[in-house]
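The structure appears right after this line, and notes come after that.
In our numbering, the protein residues as written are 13 to 311.
Right, dumping it as C-alpha cells:
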C-alpha cells in the first residue's frame with residue numbers, strides 16, 4: 013500500500029505536468045508553491061529519476077516523467093472505472109429489460125424468479141419471451157438470455173454460469189415389462205427412445221461410466237421438440253426418455269415412470285446467463301442475473 017504522502021506527491025506531480033508550472037499547480041491544488049515543489053522532489057528521490065526539466069519559467073517532462081505520467085493516468089482511469097462500477101451496483105434498477113428464456117425451463121423455473129423482481133423494483137420493466145431457438149441478442153435487441161448446454165466458442169457476450177441441469181433416464185413400467193430394463197448405457201441401442209427433434213446430436217446421450225464419458229447413439233421412436241410432451245410420450249409407453257429431473261420427478265414419484273441406469277449418471281447440462289457487453293453490470297442486468305443465480309444454486 014502506498015503511504016498518504018506518496019499519493020499526495022503523485023497528485024502534485026500530475027497537476028504540475030498538466031500546468032507546466034509548480035505555482036499554477038499549487039494554486040489549483042490549494043497549496044503553496046514550495047509544498048508542491050518539495051512533494052515532487054521527494055517523489056523523484058523515491059523513484060530515483062528526474063521527472064521534470066526545470067527552468068525559471070517552465071517545467072518540461074523528462075522521458076522518465078512521461079513514462080511515469082502515462083502509468084499514473086492509467087491507474088487513475090482504472091480507479092474511476094471501479095468507482096463507476098460500484099456506483100452502478102448501488103443505483104436502483106430501472107428501464108426495460110428484454111429477456112429470452114427456454115420455453116419450459118423459463119415458464120416453470122427462471123420466469124417466476126424474474127417476475128418476483130417486479131415487486132421489489134417498480135421501475136424495472138420486464139419483457140420476457142420464451143423460445144427454444146438460439147436467439148441473436150445483438151440483432152434481436154435482447155438484453156439477457158438463458159441457455160442450456162455447452163456454449164460455442166468465440167462468443168462476444170458476457171457469460172455467467174447459473175448451475176447445471178441434471179438428467180434422468182426413465183421409462184413407463186409397461187414399457188420396461190415388455191422390453192426389459194437396460195443395465196448398462198450400451199444396451200440402449202436395443203431400445204425405443206423418445207428424443208428431442210434438434211438434429212443428430214439429440215440422439216446422442218452422454219453418460220459417465222467408470223470415470224469416462226460415453227456417447228451412446230440411441231434409436232428414436234419419437235422425436236418431439238417439447239420436453240413436457242416427451243415426458244408424456246414416455247409415460248404412455250413409447251420408449252425410454254432422457255430428461256431433466258425436475259420434469260419427470262412427479263411422474264416417477266407417482267409410479268408412472270421408473271428411473272433406469274441410475275448407476276451411470278447422464279452428463280449434466282450447464283445453464284448460462286448471457287448478455288451483451290454494452291450492458292456490462294448495469295443494475296437491471298445485475299439484479300436479474302443475481303436472481304437467476306440464487307434460483308439455480310440448489311437446482
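In this text, a Cβ means the ideal position worked out from N, Cα and C, and glycines have one as well. All values reported here derive from a predicted model rather than from experimental measurement.
1. Mapping DSSP to helix, strand and coil, what is residue 191?
2. Thinking residue 205 and residue 231 are a contact (beta carbons under 8 angstroms), I'd like their distance in whole angstroms, please.
3. Can you tell me the Cα-Cα spacing of residue 207 and residue 309, whole angstroms?
4. With 8 angstroms as the threshold, decide whether the Cβ of residue 23 is near any Cβ in chain D.
5. With burial defined as no fewer than 16 other Cβ atoms inside 10 Å of the residue's Cβ, what is the status of residue 126: buried or exposed?
6. Classify residue 241 as helix, strand or coil using the three-state DSSP reduction.
7. Taking 8 angstroms as the threshold (C-beta atoms), are residue 111 and residue 155 in contact?
8. Tell me whether the segment 269 to 289 and the segment 168 to 177 touch, counting them as touching only if at least three CB pairs, one residue from each stretch, are closer than 8 angstroms.
9. Just the Cα atoms here: how many angstroms apart are residue 73 and residue 97?
10. Quick check on the burial criterion: 16 or more other C-beta atoms within 10 angstroms. Buried or exposed for residue 149?
11. First and last residue of the alpha helix (DSSP H) that includes residue 34?
12. Which ranges does the alpha helix (DSSP H) cover as unbroken runs of at least 4 residues, wholly within the segment 52 to 109, from first to last along the chain?
13. Grouping DSSP H, G and I as helix and E and B as strand, with all else coil, what is residue 30?
14. Could you tell me how far apart the beta carbons of residue 142 and residue 115 are, in whole angstroms, since I believe they sit closer than 8 angstroms?
15. Pop quiz: residue 130 and residue 138 are said to be a contact at Cβ under 8 angstroms. What is the actual Cβ separation, rounded to whole angstroms?
16. Using the C-alpha atoms, what's the distance from residue 93 back to residue 217?
17. How many whole angstroms separate the CB atoms of residue 41 and residue 52, which I take to be in contact at a CB cut-off of 8 angstroms?
18. Quick check on the burial criterion: 16 or more other C-beta atoms within 10 angstroms. Buried or exposed for residue 27?
19. Taking the alpha carbon of residue 79 as the point to measure from, which residue in 244, 90, 59 has its own alpha carbon closest?
20. So which of 199, 183, 279 has the shortest CA-CA distance to residue 261?
On the basis of the coordinates in this document:
1. helix
2. A Cβ-Cβ distance of about 6 angstroms is found for the pair residue 205 and residue 231, placing them in contact under the 8 angstroms criterion.
3. A straight-line Cα-Cα distance of about 27 angstroms links residue 207 and residue 309.
4. No chain D appears in the structure shown, which is made up of a single protein chain.
5. A buried status is given to residue 126, since no fewer than 16 other beta-carbon atoms sit within 10 Å of its beta-carbon.
6. helix
7. yes
8. yes
9. 33 angstroms
10. Buried, by the Cβ-count rule.
11. Secondary structure note for residue 34: its alpha helix (DSSP H) is the uninterrupted segment 34 to 41.
12. 75 to 102
13. helix
14. 5 angstroms
15. 6 angstroms
16. C-alpha separation (whole angstroms): 46 angstroms.
17. That belief does not hold up - the Cβ atoms of residue 41 and residue 52 are roughly 12 angstroms apart, past 8 angstroms.
18. Buried, by the Cβ-count rule.
19. Considering only alpha carbons, the answer is 59.
20. Of the candidates 199, 183, 279, 183 places its Cα closest to the Cα of residue 261.
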